[in-house]
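Okay, structure first, notes after.
In this note's numbering, the protein residues as written are 78 to 209.
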């Protein structure tokens, strides 16, 4: 198999792997597409905002990097770890997209910081804020 064919086929496989894992981790009742990252960030950092979820994703990647570092190219599940790293990388690209000023994804305002919400949405969000 040629390099290009392998890479293109692997991306297709990773797409299927993502769909399966996403359904598993998202759960059937959650509308939060990043619920697993939010829960992990809340547990580790005490916050579940996008930068915290991004850091949590990096933590998940580090776990796999540690495995491939200690098991070399011949490790039994190195391939699974490398695939998981690739999937996390794409999820992290999504997180950056949502966080960026160029994002047009305003249907998911829970992922945007208050200052990046459009004016009316910001006012509504501020109504529920408390001074703790």
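Beta carbons: idealized from backbone N, C-alpha and C, even for Gly. Quick caveat: nothing in here was measured; it's all calculated off a predicted structure.
Would you report the Cα separation of residue i and residue j, rounded to the nearest angstrom?
{"i": "residue 78", "j": "residue 120", "result": "44 Å"}
{"i": "residue 93", "j": "residue 87", "result": "10 Å"}
{"i": "residue 137", "j": "residue 129", "result": "13 Å"}
{"i": "residue 184", "j": "residue 150", "result": "Residue confidence is low: residue 184 scores 47 on pLDDT, short of 50, so the model does not pin down where it sits. No coordinate-derived value is stated."}
{"i": "residue 109", "j": "residue 89", "result": "25 Å"}
{"i": "residue 103", "j": "residue 114", "result": "10 Å"}
{"i": "residue 148", "j": "residue 159", "result": "12 Å"}
{"i": "residue 161", "j": "residue 146", "result": "15 Å"}
{"i": "residue 154", "j": "residue 95", "result": "17 Å"}
{"i": "residue 171", "j": "residue 139", "result": "19 Å"}
By the 10 Å Cβ neighbour count, where 16 or more other Cβ atoms means buried, how is residue i classified, buried or exposed?
{"i": "residue 125", "result": "buried"}
{"i": "residue 117", "result": "buried"}
{"i": "residue 157", "result": "exposed"}
{"i": "residue 100", "result": "exposed"}
{"i": "residue 141", "result": "buried"}
{"i": "residue 217", "result": "A query on residue 217 cannot be resolved here, the shown segment of the chain reaching from 78 to 209 and no further."}
{"i": "residue 97", "result": "exposed"}
{"i": "residue 82", "result": "exposed"}
So residue i and residue j are supposed to be a Cβ contact under 8 Å. How far apart are they, rounded?
{"i": "residue 91", "j": "residue 164", "result": "6 Å"}
{"i": "residue 144", "j": "residue 132", "result": "Actually they do not touch by this definition, with Cβ atoms about 20 Å apart."}
{"i": "residue 175", "j": "residue 127", "result": "6 Å"}
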